[in-house]
Structure formats: C-alpha cells, structure tokens
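In my numbering, the protein residues as written are 783 to 1270.
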C-alpha cells in the first residue's frame, strides 16, 4: 500500500515504523483540537490525573476499566504535560505502531513486503475514519499493540515451513498478552488463540515436551501482570474492592440482546469496512487462480482469531463500536496477506504511495472541518470557571463534561469520575451507589463551590441531583445549553 519491496529493503529499521506513525498522524490530526470526542477518553485522562495526585484507583476514584489504561495515560500525561493535542498525537503513535507490527507480522509469516505495507496501511485507515471505531482513543488501540507484538513474535514466523523455534518467544509473548489483559480482559481472545496455536504447532511436530514447557512458560508469564495488580491492591488492602469492581459489577449488567441484533451489530461492522473486505475478496480470487496453497496455517489462525474475538465482543450484549476495533488487526492481516500474494510484483507503488498520502491528508482535513463545527462545551466551561475558582476551590460537573476537571487542573469531588455512574439507574444499581450519601459528600465538601450542567437535562433529575439543588442556586448561564449553580 506504500513502498515496494525494493524500497522496503532500503529503509532503515527505524524509518519503517516512522512511516506508519506519520500515516496515522496525517489521518488523525484533524481530531486533535476538540476537548472531547468520547467521554471514555475523558475518564482515562481525569482518573490518570487523580493517580498522579496520589489517589488510589478503586478506592479514591472508581470506574469499570482495569487499571492498565489509567497507568498508560498517567505516563502519557507525564510525557506530554497533559495537552489534549499531544495526548491525541500519542494515541495516534500507538495506532501507527499497531500498523507497523501488522506489517512485521505479515512479513514474518512470509507474506512479503507488499503484503506488509498493505496490512499496516489498512489497519491505520480502519482506525482513523469513524469516530467510535478508532478516532476516539479507546483501550483497544492501546492493547492491540501488545497483542500484535505477541502474535508477531510467537505465531507469525511459526506458520511457515522449516521455521526456527526460539523458546524465549513464548514467555515474552505471554508477558505481552498479560500486559494487554490488564488494559482490558477482552485480550483473553488473543491469548486463547495463541495458546491453541502453540498446542497445534507442537502437537503436529510430535514435540510434547516442548508443548508442555512452552505452554507453561506462556501461562506463567501471562500471569505476571495479573499478579502485579493483585500485589498492588493487596498492599493497599483493597482486594475486596478489586473483586467487587472487576467481577461483581461486571456481572450486574443483565443485557439480553436478541441474536438478530447481535448479527446486525456484526453486519454493521462488515458493511462499514466493506471496501477493504471486497479488496481482500478480489485478491483471494486472483490468488487462488495461481493454484498455490501456501499460507494455509497463517490464514487458519486468522480465522480462529476472528471467531474468538467475535465471541468475546458479542458476549457482553453491548453494541459499542469501539469494541470492534479489536477486529481491525485480523481484517487488516487477512487483506494484506491476500493482496500481497495476488499482486506481489506490483510496480505501481509510487502512484499508490502518492494516492495514500493525498487520501490521508484529505481525511485529516475532513476531520478538522467536522470537529471545528462542533461546540466545545468543556472549554467553554473552563473559560467561564477559570477566573472564578480560587486556589483549592473546585466544582462538580453534572452528568458529563468530566474533561473540564483536567482543563482546569482541579480534583474531582466524587470517586465516580464518569458521571453517568451517578446518573444512570443501571450504573447506580451495579455499583451499589447510595445516591443521597454521594450527594451529601459533595455538599459537605467546602471546596466545591460550583455546579455545572445542562439547562435541561432529564437524566440529571435523580435523587442525587435533587439533593444537590437544595444547596446551590443558579448563578448564570454560560450559553443557551449550559448553566452554573453556586453554593447558597
């Protein structure tokens, strides 16, 4: 999709990932300016701020995600100074690294340079078109880097005939998968696929001792990050909280999604990315005419991985677009493999490279125009409150706008950073939140001087919202949609 095999050989090892990172930045730069694309990203940033202030996750700040994503954002805030622009750029670097690892995996599986460039390029485009399928930074674009590194190291080269079999690949792959798991447990799909491949690989070779030792090393190293998290919460005497928020809260969402809606959910994904799937289909027809049957093992692994990820995504009964970002690498690997085999001697790489850059810049400009038309309410809130907040004084954002805490560098006066946890009934029940107690904690905090929220928000008409309004009066409106209340 970018340079040809000859160009690839001339690139230094450091320049190849730089090309993919640059492509990601070209596609995504237009989304770097607005403060909120998705409230999940805002939650990652604000909780990371609280961790950097010395707060402890699941005691002082609470959410549904594992701690890994907040550690990543804490590190990124340290590196970037907390700039939203730079944090989005850093997320784009992760997307670019994912594209590079896909390229590397494809070539290690024997797909060739063309296949590698196509796989990496397709992944970056898939992550950089739709708002909730990759443009908004979510856990998937981060843990994909760890899972792809594991597959690139341990699986891809072993799908070839007469491959080398360094034993150290398995413990390193297990550690990478374990790190991905503490970002999001959905990584269980890639971990299971890798484990099943290990069994298949050694079983067909009759190397049962190596099967046992490799499997043991994979599982043991996968467990190390989990043990680290358990040790962290043991140190803080929070094992019961870890169990409650990790296991019990997750099981308290009884979502029974009918099978036809699950099919619709998957069909929507496949239709969104139909151009890439059609490209892979055409390439497969052309490839099969050559009557070549190599790469069967690699392709079968990709089908297994797609099936396992699909099962994990559908099990929740939720139809969030960002869940399906986990499928992007499998689709990109499949398309890259087939295009590389069908047109491995393609000589028009300069035109393709130039076209890719033009399209990427066009999409980037399109994002910039799209987000420029959207109202940036958290920045309006920050501009209004900044001159009114004395040192040590903070505010409470009603049902949203949590990134305003980050913009104003103020602590959150409640453990529940993602405010939907306090205002949506199913969250309140799952987290066993006492709304009046939560309201009382805010009211009794003398540092909370202001409330900010929407002028008309029926979702805020809850026991907590009504309790707060008894102690705050309207100060003024920021605009026709946003209102500020001050303590009576």
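Backbone N, C-alpha and C define an ideal beta-carbon position, used for all residues, glycine too. In this text the structure is predicted, and so the values were computed from the model without any measurement.
Looking at the structure shown, is residue 785 part of a helix, part of a strand, or coil, going by DSSP?
-> Note that residue 785 scores 46 on pLDDT, short of 50, meaning its location in the model is unreliable; the coordinates nonetheless yield the value given after this. Coil at residue 785, not helix or strand.
Rounded separation between residue 823 and residue 919 - CA only = In this structure, the alpha-carbon of residue 823 lies about 6 Å from that of residue 919.
Any chance the CB of residue 909 is under 8 Å from a heavy atom of the ligand COA?
-> The model depicted lacks the ligand COA and carries no ligand whatsoever.
Coil, strand or helix - residue 844 by DSSP = In the structure shown, residue 844 sits in a strand (DSSP, three-state: E or B).
According to the Cβ coordinates, are residue 1185 and residue 843 closer than 9 Å?
-> Result no, Cβ atoms of residue 1185 and residue 843 do not sit closer than 9 Å.
Using alpha carbons as the reference points, say which of 1241, 1177, 1181 and 1093 lies closest to residue 1201.
-> 1181
Are the CB atoms of residue 1039 and residue 840 nearer to each other than 9 Å?
-> no
So the beta strand (DSSP E) residue 1236 belongs to, where does it begin and stop?
-> 1230-1236
Straight-line gap, residue 792 to residue 882 (C-alpha atoms, nearest Å) = Because residue 792 sits at a pLDDT of 47, beneath the cut-off of 50, its placement in the model cannot be relied upon, and the following sentence gives the value as read from the coordinates. When rounded, the distance between both Cα atoms is 16 Å.
Nearest-angstrom Cα distance between residue 1253 and residue 1235?
-> Rounded to whole angstroms, residue 1253 to residue 1235 spans 15 Å at the Cα level.
Could you check the C-alpha separation between residue 1209 and residue 1034 for me, to the nearest Å?
-> 9 Å
Is the CB-CB distance between residue 1077 and residue 941 below 9 Å?
-> yes
Are residue 808 and residue 1143 closer than 9 Å when you measure CB to CB?
-> Against a cut-off of 9 Å, the Cβ pair of residue 1143 and residue 808 comes out as a contact.
Taking 9 Å as the cut-off, decide whether the C-beta atoms of residue 1017 and residue 1023 are in contact.
-> no
Classify residue 1188 as buried or exposed, calling it buried when 16 or more other Cβ atoms lie within 10 Å of its own Cβ.
-> buried
Give the DSSP-derived three-state secondary structure of residue 1096 in the structure shown.
-> Helix, per DSSP.
Nearest-angstrom Cα separation, counted from residue 877 out to residue 803 = 7 Å
For residue 1342, name the three-state secondary structure that DSSP assigns.
-> This structure leaves residue 1342 out entirely; the chain is present only between 783 and 1270.
Residues near residue 1246 by beta carbon distance below 8 Å, same chain, minus five either side | 1204, 1205, 1217, 1218, 1220 and 1221
Which residue spans inside the region 1189-1245 form an unbroken beta strand (DSSP E) run of at least 3?
-> 1230-1236
Can you tell me the Cα-Cα spacing of residue 907 and residue 1172, whole angstroms?
-> 45 Å
What do you reckon, are the CB atoms on residue 998 and residue 960 nearer than 9 Å?
-> Not closer than 9 Å, so no.
Buried or exposed: residue 1214, going by 16 or more other Cβ atoms within 10 Å of its Cβ?
-> exposed
Helix, strand or coil: which one does DSSP assign to residue 989?
-> coil
Who does residue 839 pair with in a DSSP beta bridge?
-> 843
Is residue 980 near residue 958, with beta carbons less than 9 Å apart?
-> Contact: no.
Taking all protein chains shown into account, decide if residue 1108 is buried (16 or more other Cβ within 10 angstroms of its Cβ) or exposed.
-> buried
Going straight from the alpha carbon of residue 986 to that of residue 886, what length do you get?
-> About 26 Å.
If we call anything under 9 Å between Cβ atoms a contact, is residue 852 one with residue 868?
-> no
Does the region 1146-1156 touch the region 1094-1112, meaning 3 or more C-beta pairs lie closer than 8 Å?
-> Pairwise C-beta distances place the region 1094-1112 out of contact with the region 1146-1156, as fewer than three of them are shorter than 8 Å.
If we call anything under 9 Å between Cβ atoms a contact, is residue 955 one with residue 927?
-> Going by C-beta atoms, residue 955 is not nearer than 9 Å to residue 927.
State the Cα-Cα distance for the pair residue 892 and residue 939, rounded to the nearest angstrom.
-> 8 Å
Taking only the alpha-carbon atoms, compute the straight-line gap between residue 1272 and residue 1158 and give it to the nearest angstrom.
-> This structure cannot speak to residue 1272, because the chain is shown only from 783 to 1270.
Return the chain-ordered list of same chain residues with a C-beta closer than 7 Å to the C-beta of residue 873, the five sequence neighbours on each side being excluded.
-> 919 and 923
Ordered along the chain, which non-local residues of its own chain (more than five positions away) have a Cβ less than 7 Å from that of residue 837?
-> 843
When DSSP labels each residue in this structure, what does residue 792 get in the three-state scheme?
-> Summary for residue 792: the model assigns pLDDT 47, below 50, so the residue's position carries little reliability; its value from the coordinates is reported in the next sentence. The answer is helix: DSSP assigns residue 792 an H, G or I state.
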